[in-house]
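The numbering of the sequence shown is the numbering used here, which starts it at 3 and goes up by one.
Ideal Cβ placement from N, Cα and C applies to all residues, glycine included.
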Amino acid sequence: MKRLPFEREAVPRSIAHHTRTTSAPRPTTGRSPPPVGMRGDIVQQPVIVGVDGSSNSLLAVGWAADEAHRRGAPLLLLHGHDPGHESFSRRDTEKEHQAAEQALHSALSWVQDHFGDVEAGAELVDSPEAELLAERGREAQMIVLGSRRPGPVTGFLLGSVGLRVLSRAVCPVVMIRGGDVDRHPRKGEIVAGVPAEEKEAAAVLDFAFRTAAAHGVPLRAARAWGLPAMFAQRSGATSLSGRAGEIEGHNRSELLDLLKPWRRRYPDIAVTEHVERGFAAEMLMTLAAGAELLVVGRSGRGGGYVGHVVHSTMHFANAPVAVVPAE
């Protein structure tokens, strides 16, 4: 089993030539690894991981490197440094810059030692981190971030880089949490929460099937349903039972229809349909306990909105969570 980045015995003090420093706006020549080939009809865009030197971000580096290896994709370790922040003195800015360079170099060295077949690079950019990650995500397969599991008082990532990236990125964002979440990958299934909105469902299934294919694991496509509020208040048990069966059957049929094109495209992936009465967030948190990755959708509303299912799973799901925006 590969050791995670923070398990290194020593941190190199010199900065490798692989770590580059640039300023925003991004140069037209580009610094991040370009697409390096094709797999089927897909240009292999990079997997991007945000690095800040914390143990949680280094967990994300380990996950992202493994994912890049599985997908045959390049890996970009990225750190945004804002030298113009008014709370920083010149001396503080220089210290922050040096610390960021060291963190990037240490993480890149670990990737090169453990995933030598992955084309990896690191870049330190003079730009606010959330804006930088969201912008670079336009050319990426995904963004991977590390985050501590928030407590009941502090709440979910409000005001953090993670929330701003989640709400703005046009590519999937995968959150890898520290705390009491298992630190090594599990050979479980991919769980996809399939929403009712067709465009959002297609985005979730696209990412979930690609990931299941890359990992060689089964996929569980899950949907929750409930009775209309007015109908649920009626007292007739027979009528209630019949209506419940009808609604469940409709949701199962709709889910099967959504899955048909993906099953044709990925015939080797074992797929389980999971249709359950209840709340989507609660269902997905339960299923995540045995999952390698939980995939949920985000509407394209923007403005910092990510939805209650994303909020809930980020709080409590005991698995990495991929948040996929609708196209």
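Pro197 counts as buried, since at least 16 other C-beta atoms from the protein chains shown sit within 10 angstroms of its C-beta. By a beta-carbon distance limit of 8 Å, Leu77 contacts Ala66. Their separation comes to about 6 Å. Relative to Val49, the option among Gly55, Leu261, Leu60 and Cys173 whose CA is nearest is Cys173. Non-local beta-carbon contacts of Gly139 in its own chain, meaning distances under 7 Å to residues more than five positions away in sequence, involve Ile50, Ile145, Ala171, Val172 and Cys173 in chain order.
Collapsing the DSSP output to three states places Asp259 in a helix.
Asp54 is classed as buried because its beta carbon has at least 16 other beta carbons within 10 Å across all chains shown. Note on geometry: alpha-carbon atoms of Arg267 and Ser301 lie some 25 Å from one another. Minimum Cα-Cα distance from Glu137 among the listed residues Ser169, Ile192, Leu261 and Gly195 corresponds to Ser169. Here DSSP, grouped into helix, strand and coil, assigns Asp270 to coil. Across the set Leu106, Leu134, Gly74 and Ser149, the C-alpha of Gly74 shows the shortest separation from the C-alpha of Gly118.
Contact check for Ala194 against Ala226 fails: the beta carbons are separated by 8 Å or more. As computed with DSSP, Pro327 is found in a beta bridge with Arg300. A distance of 8 Å or more separates the beta carbons of Ala109 and His83. In the three-state DSSP reduction, Ser129 falls in the coil class, being neither helix nor strand.
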